[in-house]
Amino acid sequence: MAGRFRVVTDSTSDVPSEWCRRYGIEVVPLKVIFGGVSFRDRVDLSTDQFFSRLARAERLPTTSAPAPGDFASVYERLSRDCDGLVSVHISGELSSTVDAARVAAQSVEGFPVHVIDSRCLTVCVAFLCRVAAEAPSLEAAVRMVEERVPRQRILALLDTLKYLEMGGRIGRAQAMLGSVLDVKPILGVSDGRVEALDRVRTRNKAIPRLTDMLRRDLPVERLAVMHAQAPEDAERLRAVLARELPDVEVETGEIGAVLGTHVGPGAVGLAYIKRK
Amino acid sequence: MNGQLLKQALLGSLAWLGAHQEEVNRLNVFPVPDGDTGTNMLLTLQSAVEHVRESQATEVSKIARIAAHDSLMGARGNSGVILSQIFRGFASAVQDKSELTPLELADAFDEAANAAYRAVNKPTEGTILTVARQAGRSAAGAAQQRGATSATVLKAAAAGARAAVERTPTQLKILREAGVVDAGGYGLQIMLEGMLRSVEEIQAELAKIRPVRPAAQVSLDLPEEGWGYCTEFLIQGDGLDVDSIREAIAALGNSVMVAGGSELVKVHVHTDDPSRVITLASKFGSLDRLNVGDMSSQHRRIREEAEPASRPTPAVPSELRRNGIGLVAVVSGHGLVEIFRSLGVDAVVAGGPTMNPSTQDMLEAVERVPYHEVLLLPNNKNVMMAAKQVDGVSAKAVKVLETHTVPQGIAAVVAFRPDLPAGENLTAMSAAARHIQTIEVTHAVRDSRSNGVTVKKGDVIALINERLRHAGKEYVVVVQEALDGIGAGDYELITIYCGQQVTEAEATRLTEAIRGNFPTLEIEVQSGGQEHYPFILSVE
């Protein structure tokens, strides 16, 4: 069975379950810890369950990367019925997940596991998984994914700075965002780094900002609208984009627990891969 | 008329305006605690005579030039700026004269009026402009009479001004409705009458003049070593050649900006040897507003100097902005100051209703910001013109945003992007300011009728986007009317900035009422701490 390979990712990539079924993508869960109780993301705790707990929580949950052993056992199992793996993960600058995957990859001797740091997160990683899964061979998959890493971008409107502040993750964005007034930040992720791109005070103003920013990056080969518990805004954004970009299939993705811990409910955004 | 007589005339006008300050202040079109025209004109005039007072110059040109320069630096409020332009026009008409004949004096009044007209984008009749013009015309008529003297010309100018002031309500509907004459025009009339009294040797009021605040000193400390010094100054002189100055300066540093005209040139350069630049530049003319900063330590030092210990310490950005643009805002009230600061404003100039900062005040703030380009937010219509003068007297490139209210200023600052150049920021910030709805709530300072709204002294009144729209007895009712008036239900967010005099109970009552009436809107309440306006609301 020469050339048969599988795709592995982690739960932060927010891969729609339909894609997992269709492409056989294997998802290794991160852990979400609420008040000392640990849950496997999207296994013990669905995204909806997570956000309803988050709304009630007095303190933010913490998240932790999978242990190398978690990856190793998945790699081990998959090594029995295919010839190699592409394992695509959340940016190493944001999580140690990819390091755990690398350690695990070395423990599976004689079986090729190509671990790729996406330098991005959420639906962009899901897109990379799909690119890999649709590739004709393991080598082609690795090449096609790596070649797209620098072309990915995430744009997201956060409804509030509260969660980012509570999680201590404001970092470089602080100068622009630390404010007495309630401002809603528009953050961008490209080349592994999160940065504050803009800020607005109302959600209605954010949608044209997001689409303006996307317009500067056109054309795109993959595009998704994503949201954390804000399906109506996501649909509104999707409708605008579908009208404007009739040739692009606009997917819809849900932001999961790990990213949701930092962006909070109400976040809405875009994930895309620019055309070469 | 010689220099010393002009000096006495100016001192006389200052004394007379001082005596009539409150009278001019009361001629306010809107019954709001705002736009103290008399105070603004008096403070501007005080600046104008600050150095004139000590001058022994006998040439009329010298006295006029000093008054023109100093009035520009001290200009406050729109009326103050127009006044400074009147001085400027007068000075340019007499620039090479040591004495004036009556005819030349009349011509100078005429040129003063022309300069005032040129200072305003859309000149409106029935204002100080009309009064200045009529004073000039009457003066010209008197100057042609046989036996004309400076006194007869001044007398005619004052009489012409008085007649023009009386006609202002026929020219402007808002004056007619409010039952007042134009305040700025009346102030000018008073000044001319004061000059006349003085020239007729009446100087009894001089003792009452209040001192003017001294201008802050510009520090010039040169650290011994460093990779570069940001050096900025103005060159003043006659027949300056911008191109040759630029060429000379460019040889001594980089980031060179040299701009201006034959009398005033702005210079900005990054250099390793500021003293050489200064020596070189002083050969072209006299230097003013000299500012040398060590670029590495500049930001920190300026912050420390600019912050008195009593003020809240803002978060100091760890690095300078990429686009090299600084933000300066005119705002008062501890809460509002902190909001502007936290949104990234680098320096704040105290000011607002009833307290319009001078061009000099804004200039000092602009100069201490560690950026060469500065966006200035006046946040009050009456500050606008003085703000627009800053670019002309600063070595920095200063652009003024059309923010007439605090919410407009906040909307503009929120839209500021530290990664974009000034042009793009100006466009986006102006658009943001235009799209916000402002409701200002205050108490009427007198009985009045304007915009068809009848108001009794003490009433709660609401201005929507600067226009008086609603009046009543209670905050809750008046604010509700104002919110309905702008169709607030179609918006997303109401922000309420509570003033200094508002009690917590009043604030809670208003907030709860708004929440009840607009359940789908987000409501944010902030302590603004502003004076005179119990509530300022923005709707967006």
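Taken in sequence, the protein lines are chains W and A. Going from the first sequence to this note's numbering is simple: count from 1 and add 18. Going from the second sequence to this note's numbering is simple: count from 1 and add 8. Quick reminder that beta carbons are idealized off the backbone N, C-alpha and C, glycines included.
Given this structure, state the Cα-to-Cα distance separating T528(A) from G206(W), to the nearest angstrom.
One-based indexing of the second sequence puts residue 528(A) at position 520. One-based indexing of the first sequence puts residue 206(W) at position 188. In a straight line, the C-alpha of T528(A) is about 29 Å away from that of G206(W).
Might you give, ordered along the chain, the residues of its own chain that have their beta carbon closer than 7 Å to the beta carbon of E239(W), omitting 5 neighbours on each side?
Within the first sequence, the letter at position 221 stands for residue 239(W). So the list reads I291 and R293, once near-sequence residues are dropped.
Within the 8 Å Cβ cut-off, does R523(A) reach chain W?
Here residue 523(A) refers to the residue found at position 515 of the second sequence. No, no contact with chain W.
Sort out for me which residues DSSP pairs T239(A) with in a bridge.
For this step, residue 239(A) is matched to residue 231 along the second sequence. V277(A) and V300(A).
Between which two residues does the beta strand (DSSP E) harbouring M244(W) extend?
Taking the first residue of the first sequence as position 1, residue 244(W) is located at position 226. Where M244(W) is concerned, the enclosing beta strand (DSSP E) stretches over V238 to H245.
If you measure from the beta carbon of V173(A) to each beta carbon in chain W, is any gap under 8 Å?
Your numbering for residue 173(A) matches position 165 in the second sequence. Output row for V173(A): interface = no.
Which partner residues of M265(A) appear in the DSSP bridge assignment?
For the purposes of this step, residue 265(A) is taken as residue 257 along the second sequence, with counting starting at 1. Answer by DSSP bridge pairing, in chain order: H276(A).
Across the region 372-382 of chain A and the region 336-344 of chain A, are there enough close Cβ pairs to call them in contact, namely three or more that are closer than 8 Å?
At 8 Å Cβ cutoff, the stretches touch.
Is any beta-carbon of chain W found at less than 8 Å from that of S350(A)?
As a first step, residue 350(A) is located in the second sequence; it is residue number 342 there, counting from the start. For S350(A), the answer is yes, since a Cβ of chain W falls inside 8 Å of its Cβ.
Quick check on H197(A): buried or exposed, where buried means 16 or more other Cβ atoms within 10 Å of its Cβ?
As a first step, residue 197(A) is located in the second sequence; it is residue number 189 there, counting from the start. Looking at the sequence provided, one finds Gln at residue 197(A) rather than His. With 16 or more other Cβ atoms within 10 Å, it is buried.
Whether or not the region 498-507 of chain A and the region 469-486 of chain A are in contact is what I'm after, with contact meaning three or more pairs of Cβ atoms, one per stretch, closer than 8 Å; do they touch?
No: the two stretches stay apart, fewer than three of their Cβ pairs being nearer than 8 Å.
Does Q306(A) get closer than 8 Å to chain W when you measure Cβ to Cβ?
Counting from one through the second sequence, the residue named residue 306(A) turns up at place 298. Any reading at Q306(A) must be qualified, since the residue scores a pLDDT of 44, below 50, and its modelled position is unreliable; the value itself is stated next. False, the Cβ-Cβ gap to chain W never drops below 8 Å.
Suppose you measure from the CA of V281(W) to the CA of A275(W); what does that come to, to the nearest Å?
The count along the first sequence starts at 1 and reaches residue 281(W) at position 263. The count along the first sequence starts at 1 and reaches residue 275(W) at position 257. Their Cα atoms are separated by approximately 10 Å.
Taking C506(A) as part of the alpha helix (DSSP H), name the residues at either end of that continuous run.
On the second sequence, residue 506(A) is found 498 positions in, with the first residue counted as 1. Counting along the chain, C506(A) falls outside any alpha helix (DSSP H), though it belongs to the beta strand (DSSP E) covering L501 to C506.
Can at least three beta-carbon pairs, one atom from the region 16-27 of chain A and one from the region 57-71 of chain A, be found at a separation below 8 Å?
The answer is yes - the region 57-71 of chain A touches the region 16-27 of chain A, with three or more Cβ pairs under 8 Å.
If you follow the alpha helix (DSSP H) that V550(A) is in, where does it begin and where does it stop?
Residue 550(A) cannot be examined here, being either before or after the span of chain A that is shown, 9 to 548.
Examine chain A for any beta-carbon lying closer than 8 Å to the beta-carbon of D101(W), and answer yes or no.
Taking the first sequence and counting its residues from 1, the one referred to as residue 101(W) is at position 83. Closer than 8 Å: no.
Quick check on L162(A): buried or exposed, where buried means 16 or more other Cβ atoms within 10 Å of its Cβ?
Counted from its first residue, the second sequence places residue 162(A) at position 154. With 16 or more Cβ atoms within 10 Å of its Cβ, L162(A) is classed as buried.
Check each residue of the region 102-119 of chain A: if its Cβ is closer than 7 Å to any Cβ of chain W, include it; give the result in chain order.
So nothing in the stretch comes that close.
Tell me, please, whether the CB atom of E532(A) is closer than 8 Å to any CB atom in chain W?
To locate residue 532(A), count along the second sequence from 1; it is residue 524. Yes, E532(A) lies at the interface with chain W (some Cβ there is under 8 Å from its Cβ).
Apply the 10 Å Cβ neighbour rule to K4(A) and answer buried if 16 or more other Cβ atoms are within range, or exposed otherwise.
Here chain A has residues from 9 to 548 only, and residue 4(A) is not among them.
Is the CB of L232(W) under 8 Å away from at least one CB in chain A?
Position 214 of the first sequence holds residue 232(W). Chain A, which has no Cβ nearer than 8 Å to the Cβ of L232(W), makes this no.
Of all the beta strand (DSSP E) runs that stay within the bounds of the region 85-111 of chain W, which reach a length of 3 or more residues?
DSSP runs (the beta strand (DSSP E)) wholly in the region 85-111 of chain W: 103-107.
Just to confirm the assignment, what range does the alpha helix (DSSP H) spanning S35(W) have?
On the first sequence, position 17 is the one that residue 35(W) refers to. Element bounds for S35(W): S35 to Y41.
Check distances from the C-beta atoms of the region 494-517 of chain A to those of chain B and list, in chain order, the residues that come in under 7 Å.
Included in the structure are the protein chains W and A, with no chain B among them.
Can you say whether R205(A) is buried or exposed, counting buried as having 16 or more other CB atoms within 10 angstroms of its CB?
The residue given as residue 205(A) occupies position 197 in the second sequence. R205(A) should be labelled buried.
Ignoring anything shorter than 3 residues, give me the beta strand (DSSP E) runs that lie fully in the region 140-220 of chain A, in order along the chain.
As far as the region 140-220 of chain A is concerned, it has no whole beta strand (DSSP E) run of at least 3 residues.
Is there a C-beta anywhere in chain A that falls below 8 Å from the one on R254(W)?
Along the first sequence, read from residue 1 onward, the residue named residue 254(W) stands at position 236. So no, R254(W) is outside the interface.
Along the beta strand (DSSP E) that carries P47(W), what are the first and last residues, could you check?
As a working mapping, residue 47(W) is identified with position 29 in the first sequence. From DSSP, P47(W) is part of no beta strand (DSSP E); its letter is neither H nor E.
Keeping to the same chain, check which residues put their C-beta closer than 7 Å to that of A127(A); ignore five residues upstream and five downstream.
Counting from one through the second sequence, the residue named residue 127(A) turns up at place 119. Closer than 7 Å at Cβ, skipping near neighbours: V89, I90 and Q93.
Going by C-alpha distance, which of F68(W), R254(W) and T30(W) is nearest D135(W)?
The count along the first sequence starts at 1 and reaches residue 135(W) at position 117. The candidate whose alpha carbon is nearest that of D135(W) is T30(W).
Determine, using beta carbons only, whether R219(W) comes closer than 8 Å to chain A.
In the first sequence, the residue the question calls residue 219(W) occupies position 201. Cβ-Cβ to chain A under 8 Å: yes for R219(W).
State yes or no: is the beta carbon of D10(W) nearer than 8 Å to at least one beta carbon in chain A?
For residue 10(W) there is no data in the structure shown, the boundaries of chain W being 19 and 294.
Would you check if the region 484-498 of chain A and the region 206-217 of chain W touch, i.e. whether three or more CB-CB distances between them fall below 8 Å?
The region 206-217 of chain W vs the region 484-498 of chain A: no contact.
Need the endpoints of the beta strand (DSSP E) that F98(A) sits in, please.
Taking the first residue of the second sequence as 1, we reach residue 98(A) at position 90. Here F98(A) belongs to no beta strand (DSSP E); instead the alpha helix (DSSP H) covers G85 to A101.
I need the DSSP call for G1(A), collapsed to helix, strand or coil.
Chain A is shown only over 9 to 548; residue 1(A) falls outside these bounds and no answer can be derived.
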